[in-house]
Amino acid sequence: MSADEFIVTPWHVEGDIDYDKLIEKFGTEKISPELREKIKNLTNEDHFMLRRGIFFSHREMNRILEDYEKGIEFFLYTGRGPSGHTHIGHLVPWMFAKWLQEKFDVNLYFQLTDDEKFYSKTDLTLEETSKYAYENALDFIALGFNPEKTKIIINTKNIQTLYPIAAQVAKKINFSNTKATFGFTNETNIGMIFYTSLQSAPCFIEDKPVLIPLGVDQDPHFRLTRDIAQKIGKQKPALIHNIMVPALTGPGGKMSASEEKGTIYTTDTPDIVKKKINKYAFSGGQPDIEQHRKLGGNPDIDVSYQYLRIFFEPDDAKLKKIYEDYKSGKLLSGELKAILIEKINEFLKTHQEKREKAKQQIEQFLLKNK
RNA sequence: GGGUUCGUAGCCUAGCCUGGUAGGGCGAUGGUCUCCAAAACCAUCGAUCGUCGGUUCAAAUCCGAUCGGGCCCA
Numbered sequence: 007m008s009a010d011e012f013i014v015t016p017w018h019v020e021g022d023i024d025y026d027k028l029i030e031k032f033g034t035e036k037i038s039p040e041l042r043e044k045i046k047n048l049t050n051e052d053h054f055m056l057r058r059g060i061f062f063s064h065r066e067m068n069r070i071l072e073d074y075e076k077g078i079e080f081f082l083y084t085g086r087g088p089s090g091h092t093h094i095g096h097l098v099p100w101m102f103a104k105w106l107q108e109k110f111d112v113n114l115y116f117q118l119t120d121d122e123k124f125y126s127k128t129d130l131t132l133e134e135t136s137k138y139a140y141e142n143a144l145d146f147i148a149l150g151f152n153p154e155k156t157k158i159i160i161n162t163k164n165i166q167t168l169y170p171i172a173a174q175v176a177k178k179i180n181f182s183n184t185k186a187t188f189g190f191t192n193e194t195n196i197g198m199i200f201y202t203s204l205q206s207a208p209c210f211i212e213d214k215p216v217l218i219p220l221g222v223d224q225d226p227h228f229r230l231t232r233d234i235a236q237k238i239g240k241q242k243p244a245l246i247h248n249i250m251v252p253a254l255t256g257p258g259g260k261m262s263a264s265e266e267k268g269t270i271y272t273t274d275t276p277d278i279v280k281k282k283i284n285k286y287a288f289s290g291g292q293p294d295i296e297q298h299r300k301l302g303g304n305p306d307i308d309v310s311y312q313y314l315r316i317f318f319e320p321d322d323a324k325l326k327k328i329y330e331d332y333k334s335g336k337l338l339s340g341e342l343k344a345i346l347i348e349k350i351n352e353f354l355k356t357h358q359e360k361r362e363k364a365k366q367q368i369e370q371f372l373l374k375n376k
């Protein structure tokens with residue numbers, strides 16, 4: 007794969023992603039300074055993920071906000087395909103969703119697509135994906151969502167609620183649509199072919215506009231949903247997209263739940279975190295210390311720096327100092343890694359405590375079928 | 001239900017026709033080098049060849065059955 011090639015689909019992300027090109031390719035809109043300003047005015051906060059372009063693209067986010075200003079409330083929807091343990095990349099859209107929920111005081115639905123992972127991963131059983139769904143739910147709850155306004159949907163458990171909506175959707179999507187959108191072939195099992203309608207279903211679970219914060223790789227599902235929304239008498243879902251969190255080992259792909267060493271899990275111990283970062287994190291440093299002092303490092307390709315930017319260092323002034331020190335050669339790669347290790351472990355310490363508590367809270371979060 | 005095709009280390013795959021206990025690539029691991037990581041170089045681990053049975057001195061290789069995946073037709 008050459009430098010300017012990249013692949014972004016719901017099931018596969020590869021290459022060095024050019025996000026401007028992706029916006030063009032997917033037909034989404036870049037988050038404009040005006041939109042950012044508007045969000046800032048409504049929330050009284052300029053969230054660092056917006057400021058730094060971690061959330062970089064959207065579809066009709068402006069409409070959601072205009073409606074909101076007119077007193078029309080929206081709700082939030084996001085989710086996760088439970089194919090393994092939760093890693094820190096997953097937390098990006100969840101954290102942002104949590105912030106949106108807080109600021110706008112709205113309902114949120116979190117969908118765990120255990121059926122989809124069973125369909126798409128040949129070696130996973132339904133028991134395993136359901137087990138991961140539970141595990142992932144704990145991480146989600148640990149972020150501190152409002153239990154009064156937050157419901158977790160597990161596809162195989164909540165099918166009774168989802169199915170009537172999914173049926174409405176499914177009738178309007180034909181085989182050619184899914185083939186074109188997802189690249190399905192004759193080998194694709196029919197679970198996959200139907201599946202997108204289940205991912206659409208929560209968009210219409212309330213009779214209100216919906217805003218979906220999500221990784222940009224999931225956009226194709228909602229492209230279909232948006233296409234058919236009016237046909238079933240519903241509003242198009244609005245989306246706001248985050249970039250892919252790079253794997254520890256390098257910029258050529260997203261962090262994957264199945265690749266041990268390129269991934270920091272929410273359950274990793276401080277020692278494991280330290281070891282993984284030191285041993286695997288791709289750096290933008292120079293070949294040796296002398297050259298590094300002289301030429302400086304490249305924070306833009308340095309994964310440790312990127313993690314700080316994306317998630318672990320919300321303080322702009324601190325981040326800027328790290329950026330400049332690294333770029334000037336004052337800060338060594340090993341030192342940068344030490345900063346990140348400290349930050350991650352600090353975060354995980356509290357996260358893991360909250361995750362334990364979540365085991366007692368999970369019941370009140372699970373959506374009950376009516 | 002019929003036909004067809006595939007099943008070799010974590011992944012991809014050679015070998016099967018012309019039987020003599022398996023070769024490569026990627027990956028992984030360790031080392032050298034680096035402030036780390038990457039790259040590069042060196043080294044190492046790893047498969048009883050889906051399963052069961054038969055033929056044979058000898059089977060991944062031939063035969064039968066069976067399980068699993070794919071495609072086509074009905």
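For the first sequence, the numbering used here assigns the number 7 to the initial residue and increments by one for each residue that follows.
Ideal placement from N, C-alpha and C gives every residue a C-beta, glycine not left out.
- Quick check: the segment 80 to 89 against the segment 100 to 116, are there 3 or more CB pairs under 8 Å? Short answer: they touch.
- Query: If P153 sits next to Q370, beta carbons under 8 Å apart, how far is it from one beta carbon to the other, in whole angstroms?
  - Reply: Rounded, the Cβ-Cβ distance is 5 Å, consistent with contact.
- Query: Quick one: what's got a C-beta closer than 8 Å to S8's C-beta in the same chain, skipping five residues either side?
  - Reply: Because the pLDDT at S8 is just 43, under 50, the model does not fix this residue reliably, and the value given afterwards should be weighed accordingly. Correct list: empty, nothing qualifies.
- Task: Measure from the alpha carbon of K214 to the alpha carbon of each residue in A173, Y74, K27, then state which is nearest.
- Result: Here the closest residue by C-alpha is Y74.
- For K242, I'd like the list of residues in its chain whose CB is within less than 6 Å of its CB, leaving aside the five on either flank, ordered along the chain. Excluding its 5 nearest sequence neighbours in each direction, K242 has C-beta neighbours in its own chain below 6 Å: R232, A235, listed in chain order.
- Query: Near K428, what residues of its chain come up, given a Cβ to Cβ distance below 6 Å and the 5 sequence neighbours on each side ignored?
  - Reply: As displayed, the chain neither begins before 7 nor continues past 376, which places residue 428 out of reach and without an answer.
- Candidates T184, I316, Q367: closest to F102 by CA position: Among T184, I316, Q367, the Cα nearest to that of F102 belongs to I316.
- CB T162 to CB L373, shorter than 8 Å? Their beta carbons are not under 8 Å apart, which means T162 does not touch L373 by this criterion.
- Compare the beta carbon distance of N248 and F61 with 8 Å and say whether it is the shorter of the two. When the beta-carbon positions are compared, N248 and F61 come within less than 8 Å of each other.
- Query: With respect to the alpha helix (DSSP H) encompassing Q358, which residues constitute its N-terminal and C-terminal limits?
  - Reply: Start and end: 339 to 371.
- Work out the CA separation of K76 and S203 for me, nearest whole Å. Roughly 31 Å separates the two Cα atoms.
- Task: Please work out which residues of its chain come closer than 6 Å, Cβ to Cβ, to T135, disregarding the five sequence neighbours upstream and downstream, and give them in chain order.
- Result: P88, D120, K123, F124, listed in sequence order.
- Message: Distance check for E66 and K281, CA to CA, integer angstroms please.
- Response: In a straight line, the C-alpha of K281 is about 42 Å away from that of E66.
- Can F200 and K240 be called in contact, C-beta distance under 8 Å? No, Cβ-Cβ distance for F200 and K240 is not below 8 Å.
- Message: If you reduce the DSSP assignment to three classes, tell me which class T184 lands in.
- Response: Residue state, collapsed to three classes: helix.
- Over the uninterrupted alpha helix (DSSP H) stretch that includes F80, give me the two end residues. For F80, there is no enclosing alpha helix (DSSP H), as DSSP marks it with neither H nor E.
- Enumerate in chain order the residues of its own chain whose CB-to-CB distance from S334 is below 7 Å, with the five nearest sequence positions on each side excluded. Answer for S334: G302, listed in chain order.
- Per the contact definition of three or more C-beta pairs closer than 8 Å, is the segment 139 to 157 in contact with the segment 173 to 186? Contact between the segment 173 to 186 and the segment 139 to 157 is absent, because fewer than three Cβ pairs lie under 8 Å.
- Task: For A323, count neighbouring Cβ atoms within 10 angstroms of its own Cβ and tell me buried if that reaches 16, exposed if not.
- Result: Flag for A323 reads exposed.
- Mapping DSSP to helix, strand and coil, what is M7? Low per-residue confidence applies at M7: pLDDT is 41, beneath 50, and the placement is therefore not dependable, though the value from the model is reported in the following sentence. Reduced to three states, the DSSP call for M7 is coil.
- Query: What are the partner residues of E156, as DSSP defines its beta bridges?
  - Reply: For the record, residue 156 in the displayed sequence is Thr; it is not Glu. In DSSP, T156 forms a bridge with L114.
- Query: In terms of alpha-carbon separation, which member of P320, Y313, N304 lies closest to D331?
  - Reply: Just measuring C-alpha positions, the residue of P320, Y313, N304 sitting nearest D331 is N304.
- Which residues share a DSSP beta bridge with K237? Answer by DSSP bridge pairing: none, since K237 is not bridged.
- Query: Does the Cβ of S289 have 16 or more other Cβ atoms within 10 Å, making it buried, or fewer, making it exposed?
  - Reply: If you draw a 10 Å sphere on the C-beta of S289, you find 16 or more other C-beta atoms in it, and that means buried.
- Query: Three-state secondary structure (DSSP) at W17?
  - Reply: The answer is coil: DSSP assigns W17 none of H, G, I, E or B.
- Query: Does the separation of the CB atoms of V14 and D306 fall below 8 Å?
  - Reply: No, Cβ-Cβ distance for V14 and D306 is not below 8 Å.
- Message: What would DSSP say about K281, mapped onto helix, strand or coil?
- Response: K281: helix per DSSP, three-state reduction.
- Query: Thinking just about the alpha-carbon of each residue, which of M250, K360, E359, K336 is nearest to the one in V309?
  - Reply: When each option's Cα is compared against that of V309, the closest is M250.
- Task: Along the alpha helix (DSSP H) that carries L41, what are the first and last residues, could you check?
- Result: The continuous alpha helix (DSSP H) containing L41 extends over residues 39 to 49.
- Query: Helix, strand or coil for N248 per DSSP?
  - Reply: Reduced to three states, the DSSP call for N248 is strand.
- Message: From the DSSP secondary-structure annotation, give me the bridge partner or partners of H64.
- Response: Residue pairing by DSSP places H64 opposite E35, I246 in a beta bridge.
- Who are the near neighbours of K46 in its chain, counting only those whose CB is closer than 6 Å to its CB and skipping five residues on each side? So the list reads D52, once near-sequence residues are dropped.
- Message: If distances are taken between C-alpha atoms only, which option among K44, H91, F54 comes closest to N68?
- Response: When each option's Cα is compared against that of N68, the closest is K44.
- Which residues DSSP lists as bridging E217, in chain order: Inspection of the sequence shows that residue 217 is occupied by Leu rather than by Glu. L82, A244, per the DSSP bridge assignment.
- Among all the DSSP beta bridges, which residues are the ones paired with A139? DSSP lists no partner for A139.
- Assign A253 to one of three DSSP states: helix, strand, or coil. Strand, per DSSP.
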